[in-house]
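Undergrad: So in the numbering used here, spot 94 of the sequence shown is number 104, and the numbers just go up one at a time.
Even for Gly, the Cβ is constructed at its ideal location relative to N, Cα and C.
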Amino acid sequence: MIVLIGAQWGDEGKGKATDLLGDRLDYVVKFNGGNNAGHTVVIKGEKYALHLLPSGILTPGVTPVIGNGVVVDLAVLFQEIDGLEARGIDTSRLRISANAHVIASYNRTLDKVSERYLGARRIGTTGRGIGPTYADKMNRLGVRIQDLFDESILRQKVEAALSFKNQVLSKIYNRQAVKVDEVVAELLSYVDRLRPYVGDTALELSQALDEGKVVLCEAGQATLLDVDHGTYPFVTSSNATAGGACTGAGIPPTRIDRVVAVLKAFTSRVGEGPFPTELHDKFGDYLREVGHEYGTTTGRPRRIGWLDLVIGRYAQRINGVTDFALTKLDNYDGLDEIPVCVAYEVNGVRHDEMPVNQTDFHHAIPIFETLPGWKQDISGCRSFDDLPKDAQRFVEFVEQRLGARISIVGVGPGREAVIERHSVLGG
Ligand code: GDP
Ligand code: IMO
Ligand code: MG
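(1) Return the CA-CA distance between P349 and T287, expressed in angstroms with no decimal places.
(2) Tell me the DSSP secondary structure of C351 in three-state form.
(3) Have a look at V419 and L164 and give me their C-alpha separation to the nearest angstrom.
(4) Which of the three DSSP states is assigned to E169 in this structure?
(5) Which residue marks the beginning of the alpha helix (DSSP H) containing T28, and which one marks its end?
(6) Tell me whether the beta-carbon of G32 lies closer than 8 Å to the beta-carbon of K24.
(7) I think L219 touches A259, with their Cβ atoms under 8 Å apart; what is that distance to the nearest whole Å?
(8) Kindly indicate the opening and closing residues of the alpha helix (DSSP H) around C256.
(9) Please list the terminal residues of the continuous beta strand (DSSP E) segment that includes G372.
(10) Would a C-beta distance cut-off of 8 Å place R298 and G305 closer than the cut-off?
(11) Got a sec: does the ligand IMO put a non-hydrogen atom nearer than 7 Å to the Cβ of F371?
(12) In terms of DSSP beta bridges, what is G43 paired with?
(13) Less than 7 Å between the CB of A170 and some heavy atom of the ligand GDP, yes or no?
(14) Taking C-beta to C-beta, are V269 and G330 nearer than 8 Å?
(15) Return yes when the Cβ of T307 is within less than 8 Å of the Cβ of G55, no when it is not.
(16) Is it buried or exposed for E169, if we count other Cβ within 10 angstroms and need 16 for buried?
(17) Let me check understanding here. Comparing Cα to Cα, which of W384, Q368, A335, L397 lies closest to H432?
(18) Do I53 and R425 have their CB atoms nearer than 8 Å?
(19) Could you check how far apart the C-beta atoms of C391 and V421 are, in whole angstroms? I think they sit under 8 Å.
(20) So, is K181 buried or exposed, given that buried needs 16 or more other C-beta atoms within 10 angstroms?
(21) Can you tell me whether S278 is helix, strand or coil according to DSSP?
(22) Between G134 and the rest of its own chain, which residues show a CB-CB distance below 6 Å, the 5 nearest in sequence each way excluded?
(23) Based on Cα-Cα distance, which residue from Y354, L94, K385, M364 lies nearest to I377?
(24) Nearest by alpha-carbon distance to V86: which of V112, I429, R411 is it?
(25) Tell me the DSSP bridge mates of V419?
(26) Using DSSP with H/G/I as helix, E/B as strand and the rest coil, what is L273?
(27) If you compare alpha carbons, which of H239, K223, I106, Q402 is closest to V80?
(28) Out of V75, D21, Y296, I314, which one is the CA nearest neighbour of V51?
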């Protein structure tokens, strides 16, 4: 089994990396998050934006799975299925865990109003109801996919959730209380369409692995957005690191063979929170434009910074990365030189590792090493030897400091624009 995760703050190009491996896979499992994710995959010039469905849905022969660790907005699910079917993509193989939680309408409302209430202390969430739905799960007030198939159970669960939430909505946020009947009716309206997809996906995946099938677990979000290992509280509400694949898919750690981390050649972040290498100058604007760095989900301009190898090494260590996919190297084609952050200075002290204290991370000043650019279009390169010497040197410099090999190098958005140096499926 392979786990594929993001090494930074998301949008590293996980969707493209999964798609690249697609024809060598039997299953692609989404194990965390929901439609806060946005993965863009470009196939033969056609662009696909996926939010809730695993990127493997675009590969014929792959069985896409929504694992128990995902939170599902049913309206978005069927919109996405209908959108792909209209473009000729077969979605009938999709499997959904009976234990995945459902994003109810009141949690979308609460996500938005609580962000407004936080004001300057807001997280900058995607407003999709992700945080409140995971909070309900931990509070044991959540609604699972399987609850939809028993109307009286569903009603009890919605009543339990709303008896508290309606107080919050009306007394704190000054919003109208939500009616149990309306929530139940909306959720029940999806039941007939949902039924054929739902099952015990952990069992199905276990059987598939026993048969020698190749399973890839694909993270939404990324290491520094992980609720435990990220820049808390400026994180998402799930485990986006490799360990999350075990709990979020129901697959034991002893089954994991490889961990692939997708690392963008520079850094981006959407939403609030610390970002040591952030750029507020013409280089940031330049990379945002050449890289089309606008959110796939919310359309927000992404904050941009230089590559940060303290973060890269941290991601290697937390996830046990065996292979890196370095993406968007082509976005540097126009630059004379490329600064790379190799350590931080905090109050006069050098830090080679992520500071344990978040205040220190807020105050971290990057220590850069500057590499020469190559000033050449590399989007047509298909082997490492095709790359100009300075681009090769850049990849080797980064690889030495990450502590794991760089097996894939991305040189353009298309499925074909890639250099594979090593097979990530072993060897
Ligand atoms: P994800 O959330 O990690 O799947 O990443 P997103 O899809 O949100 O953002 C990555 C963006 O970079 C998408 O628009 C991809 O098409 C694009 N992309 C991925 N790899 C490369 C690459 O190597 N070069 C270029 N130029 N674009 C890439
Ligand atoms: P992919 O899978 C980038 C960010 C939001 C916000 C924080 C919390 O495309 O890499 P949430 O709605 O999850 O409660 O918001 O997390 N965020 C992402 N940033 N890429 C993503 O997903 C993200 N998913 C959530 O911007 O800062
Ligand atoms: Mg994205």
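TA: Quick look at the numbers:
(1) 10 Å
(2) strand
(3) 47 Å
(4) helix
(5) Counting along the chain, the alpha helix (DSSP H) containing T28 begins and ends at 24-31.
(6) no
(7) So it is not a contact: roughly 11 Å between Cβ atoms.
(8) 252-259
(9) The sequence given here has His at residue 372, not Gly. Not the beta strand (DSSP E): H372 falls in the alpha helix (DSSP H), residues 368-373.
(10) no
(11) no
(12) V80
(13) no
(14) Closer than 8 Å, so yes.
(15) no
(16) exposed
(17) A335
(18) Contact flag set, yes.
(19) Their Cβ separation, rounded to whole angstroms, is 6 Å, which keeps C391 and V421 in contact under 8 Å.
(20) exposed
(21) strand
(22) G281, E282
(23) Y354
(24) The candidate whose alpha carbon is nearest that of V86 is V112.
(25) L336, I429
(26) Annotated three-state conformation of L273 is strand, per DSSP.
(27) I106
(28) Out of V75, D21, Y296, I314, D21 has the C-alpha closest to the C-alpha of V51.
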